[in-house]
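Novice:
Number of protein chains: 2
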Amino acid sequence: MNIDMIRAAADRIKGHARRTPILTSPFLDDIAGRRVFLKAECLQHTGSFKFRGGWSAVSSLTDNALKTGVIAFSSGNHAQGVALAAREHGAPAVIVMPADAPTVKIENTRALGAEVILYDRANEDRDEIGAKLSAERGLTLIKPFDEPQVIAGQGTTGLEIAEDMNALGVSHADVMVCCGGGGLTSGIALALAADAPGLRVRPAEPEEFDDVTRSLASGKIERNSRLDGSLCDAIITPQPGDLTFPIMQAHCGPGVVVSEDECLRAMALAFERLRIVVEPGGAAALAAALFHPDAFTGDAVIAVATGGNVDATVFARALETMK
Amino acid sequence: MNIDMIRAAADRIKGHARRTPILTSPFLDDIAGRRVFLKAECLQHTGSFKFRGGWSAVSSLTDNALKTGVIAFSSGNHAQGVALAAREHGAPAVIVMPADAPTVKIENTRALGAEVILYDRANEDRDEIGAKLSAERGLTLIKPFDEPQVIAGQGTTGLEIAEDMNALGVSHADVMVCCGGGGLTSGIALALAADAPGLRVRPAEPEEFDDVTRSLASGKIERNSRLDGSLCDAIITPQPGDLTFPIMQAHCGPGVVVSEDECLRAMALAFERLRIVVEPGGAAALAAALFHPDAFTGDAVIAVATGGNVDATVFARALETMK
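Chain order of the listed sequences is V and A.
Under this note's numbering, think of the first position of the first sequence as 4, with each following residue one higher.
Under this note's numbering, think of the first position of the second sequence as 4, with each following residue one higher.
1. Sorted by chain position, which residues of the same chain lie with C-beta nearer than 8 Å to Leu340 of chain V's C-beta, five sequence neighbours on each side aside?
2. Is DSSP giving Leu202 of chain V helix, strand or coil here?
3. With distances taken Cα to Cα, identify the nearest neighbour of Arg22 of chain A among A:Thr316, A:Lys42, A:Gly36, A:Ile6.
4. Below 8 Å on C-beta distance, what does Phe274 of chain V contact in chain A?
5. Of the residues V:Gly36, V:Met8, V:Cys45, which one's Cα is nearest the Cα of Leu277 of chain A?
6. Below 8 Å on C-beta distance, what does Gly172 of chain A contact in chain V?
7. Using a Cβ-Cβ distance under 9 Å, would Phe40 of chain A count as near chain V?
8. Just to confirm my understanding: we take Ala102 of chain V, look at its own chain, exclude 5 residues before and 5 after, and list those with CB closer than 8 Å. What are they?
9. Mapping DSSP to helix, strand and coil, what is Ala263 of chain A?
10. Tell me which same chain residues have a C-beta within less than 7 Å of the C-beta of Asp245 of chain V, skipping the five on either side of it?
11. List the residues of chain A whose Cβ lies closer than 9 Å to the Cβ of Ala114 of chain V, in chain order.
12. Are at least three pairs of beta-carbons, each pair with one atom in the region 311–318 of chain A and one in the region 50–58 of chain A, less than 8 Å apart?
13. Report buried or exposed for Lys135 of chain A, applying the criterion of at least 16 other Cβ atoms within 10 angstroms of its Cβ.
14. Name the residue from V:Arg268, V:Ser77, V:Gln252, V:Arg203 whose alpha carbon lies nearest to the alpha carbon of Glu225 of chain V.
15. Count the other CB atoms, across all protein chains shown, that sit within 10 Å of the CB of Asp302 of chain V; report buried if there are 16 or more and exposed otherwise.
16. Taking just the CA atoms, how far does Ala319 of chain V sit from Met179 of chain V?
17. Can you tell which of A:Cys266, A:Leu144, A:Leu31, A:Asp14 has the C-alpha that lies nearest to the C-alpha of Ser77 of chain A?
18. Taking the C-alpha atoms as reference points, what is the distance between Val5 of chain A and Ala20 of chain A?
19. Could you name each continuous beta strand (DSSP E) segment of 3 residues or more that falls completely within the region 186–265 of chain A, going from the start of the chain to the end?
20. Quick check on the DSSP output: the alpha helix (DSSP H) that includes Lys135 of chain A runs from which residue to which?
21. Are the region 285–294 of chain V and the region 264–272 of chain V in contact at 8 Å, needing three or more beta carbon pairs?
22. List the endpoints of the continuous beta strand (DSSP E) containing Glu118 of chain A.
23. Give me, in chain order, the residues of the same chain whose beta-carbon lies closer than 7 Å to that of Ala60 of chain A; leave out the 5 immediate sequence neighbours on both sides.
24. Note down, in chain order, each residue of its chain lying with its Cβ closer than 6 Å to the Cβ of Gly201 of chain V, except the 5 sequence neighbours on either side.
25. Would the beta-carbon of Val260 of chain V be found less than 8 Å away from any heavy atom of the ligand SAH?
26. May I ask which residues mark the beginning and end of the beta strand (DSSP E) holding Pro101 of chain V?
27. Identify the residues that DSSP records as bridge partners of Gly310 of chain A: which are they?
28. Relative to the alpha-carbon of Asp128 of chain V, which residue among V:Gly232, V:Thr240, V:Val260 has its alpha-carbon at the smallest distance?
29. Cβ closer than 8 Å: which chain V residues qualify as neighbours of Pro105 of chain A?
30. Kindly list the residues whose CB is nearer than 8 Å to the CB of Lys108 of chain A, restricted to its own chain and excluding five residues on each side of it in sequence; keep chain order.
31. Measuring CA to CA, which of V:Leu31, V:Ala271, V:Ala298, V:Cys181 is closest to Val317 of chain V?
32. Residues of chain A with CB under 8 Å from Cys45 of chain V, in chain order?
33. CA-CA distance, Ala192 of chain A and Asp198 of chain A?
34. Measure the Cβ-Cβ separation of Val259 of chain A and Ala291 of chain A and say whether it is below 9 Å.
35. Alpha carbon to alpha carbon, how far is Val281 of chain V from Ser221 of chain A?
36. Specify the secondary structure class of Thr143 of chain V as computed by DSSP and reduced to three states.
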């Protein structure tokens, strides 16, 4: 896993993934007490950064592997990213999803041409299910984060952040990344270490699901005690990956843990001030930037809004926090 | 009023206005029955294209005029655009706003440093109020649409559309523009006539407030019978402008009239499929593209989402249409 793989992924992705904008608002700057730059990956194809990793992985397969097809297991965003990338490559896709994933994510994955297989997040092991199907049908498993080509694809987000922040004259700042298994966090960290060493990645996680923050603090891989019951479903994973954790250890600053209520309030402010739709898990980084000012030094902070696939009822809850 | 003024405005705006993205979704293509390309001006600074016209007009003033200050009358988006442009030029700004404008627009305008003066939209004439204040204090009046430098600024949107659609290989299509007085519509029309003559601008308007559509059909300026009571407040004006109407006559195709309910449904689809926040008036063009397929020929349509400044309660109404 190295910067050359990220640059190669960027070459393959060019013209397929969207180059998402950096958004700002003087109102958010006032709340945070410093300049806030938001990388709007919720505007990426399929509504999250996961399309980058999906495209990177699928586009690196042989023609034979593409013909047989791919399989992925995902809480939703990785599912849609892989499904669309597979469809655009003409490859069949099987997606294993938790039965409690937001309806919109399950429907969207099916509409993107994938075969969806549901499982019980609390009582079944998605890795086992994925491995079994993969073996039976000869499908190539595309893991959600602990996979070099996926990390390389997510890392292209970091190349864009480095270039855009350089153009904006911001050379030193923390980059908050909503973090599940660490694919995006480690990919961006590698990209910034190469292209913008003054920008330091830090994971943002929800309370009670802060495995990466605790792992970085203790120096060894820590697990979450449970996996369900979070509004931030998009970034809930059992533990950091074997590939992603050492990269995060080498390059990341300490994590910031935010509450679900802070995520909802960050969603409302993104609605009001940036006119974008962010899902709860995708708002963790912005919540850290806005509501944990003491966690930062310096006059600027960058936050990645990782996804925007949210049911209308949950979004309405976020809007309620404005009253 | 000519293309050179638009190019000059583009030079002045570069690095200040945001270059907004073109967004797409296979789900929206399915609904429309053709490819839909959305120019997301709701992601512009202050949440609407009006920042372009505001910056263009303010940046063309003399140092003396900047020092004395500017005045604008607006239902909200022009207000915020002028207020921010004035603040960034160090110029005082007085904004005359209707008392029934969305709260968020009034508050935002004040927060951007402007002095706000409210008036009764049904019983008072904003032109008179603006002219009087302008005369008393020596302020430069920046009209919302019937002003060459404002049209030039809005026209920069068209230069970007021409460039981006050329890169995407789309040379022939209708470009739906949410239309009030016609500043944006005429500006984009002039830009496309020069840079992408196969792209034809057409105004999108709400039912009962379709003055431009009727004016284009009859060949003379027609008025709306009333000015209040529309959810699409951002694009309600008494009649097309003396400057903008001849430009629209020369370059635009027929208007498309949409219902408020169609605007709300378009907002919900923009939320779900593009993850952006669009206000009711700003969704008229997308509503036309999605729900009036018979109004178009060809395999592609472009829609400009003109603004995203909407109260949470109105946005919640749009989300209700998804149930």
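Glycine included, C-beta positions come from ideal geometry on N, C-alpha and C.
Specialist: This is what the structure holds:
1. Given that chain V is displayed from residue 4 to residue 326, the structure contains no residue 340 of chain V and the question cannot be resolved.
2. In this structure, Leu202 of chain V counts as strand in the three-state DSSP scheme.
3. Nearest C-alpha to Arg22 of chain A: A:Lys42.
4. Within chain A, the residues near Phe274 of chain V are Val280, Ala315, Phe318.
5. The shortest C-alpha separation from Leu277 of chain A is found at V:Cys45.
6. Residues of chain V whose Cβ lies closer than 8 Å to the Cβ of Gly172 of chain A do not exist; the shortest such Cβ separation is about 11 Å.
7. No, Phe40 of chain A lies away from the interface with chain V (no Cβ there is under 9 Å from its Cβ).
8. Leu121, Tyr122, Asp123, Arg124, listed in sequence order.
9. Rather than Ala, the amino acid found at residue 263 of chain A in this sequence is Glu. Judged by DSSP in its simplified three-state form, Glu263 of chain A adopts helix.
10. Contacts found: Asp149.
11. Under the 9 Å cutoff, chain A gives Pro29, Phe30, Asp33.
12. Verdict: yes, contact present.
13. Looking at its Cβ environment, which holds fewer than 16 other Cβ atoms inside 10 Å, Lys135 of chain A is exposed.
14. Measuring from the Cα of Glu225 of chain V, the nearest candidate turns out to be V:Gln252.
15. Burial state of Asp302 of chain V is exposed, judged by a 10 Å Cβ sphere holding fewer than 16 other Cβ atoms.
16. Rounded to whole angstroms, the gap between the alpha carbons of Met179 of chain V and Ala319 of chain V is 25 Å.
17. Closest by C-alpha distance to Ser77 of chain A, out of A:Cys266, A:Leu144, A:Leu31, A:Asp14, is A:Leu144.
18. For the record, residue 5 of chain A in the displayed sequence is Asn; it is not Val. Taking the straight line joining both Cα atoms gives about 21 Å.
19. Counting whole runs of 3 or more residues, the region 186–265 of chain A contains the beta strand (DSSP E) stretches 202–209, 259–261.
20. In the DSSP assignment, Lys135 of chain A falls within the unbroken alpha helix (DSSP H) covering 129–140.
21. Verdict: yes, contact present.
22. Where Glu118 of chain A is concerned, the enclosing beta strand (DSSP E) stretches over 118–122.
23. If we look at Ala60 of chain A and ignore the five residues flanking it on each side, its Cβ neighbours are Ile145, Glu150, Gln152, Val153, Gly156.
24. Excluding its 5 nearest sequence neighbours in each direction, Gly201 of chain V has C-beta neighbours in its own chain below 6 Å: Ser174, His175, listed in chain order.
25. Only the bare structure without any ligand can be found here, which leaves the ligand SAH out of the picture.
26. From DSSP, the beta strand (DSSP E) with Pro101 of chain V extends over 96–101.
27. Listed as beta-bridge partners of Gly310 of chain A by DSSP are A:Ser51.
28. The shortest C-alpha separation from Asp128 of chain V is found at V:Thr240.
29. Think of a sphere of 8 Å around the beta carbon of Pro105 of chain A: no beta carbon from chain V falls inside it, the nearest being about 11 Å out.
30. Correct list, in chain order: Ser78, Gly79, Asn80, Ala82, Gln83, Met100, Asn312.
31. Residue V:Ala271 is the option with its Cα nearest to Val317 of chain V.
32. By Cβ distance, chain A contributes Arg278.
33. C-alpha separation (whole angstroms): 10 Å.
34. In this structure, Val259 of chain A lies near Ala291 of chain A, with their beta-carbon atoms less than 9 Å apart.
35. C-alpha separation (whole angstroms): 45 Å.
36. The answer is strand: DSSP assigns Thr143 of chain V an E or B state.
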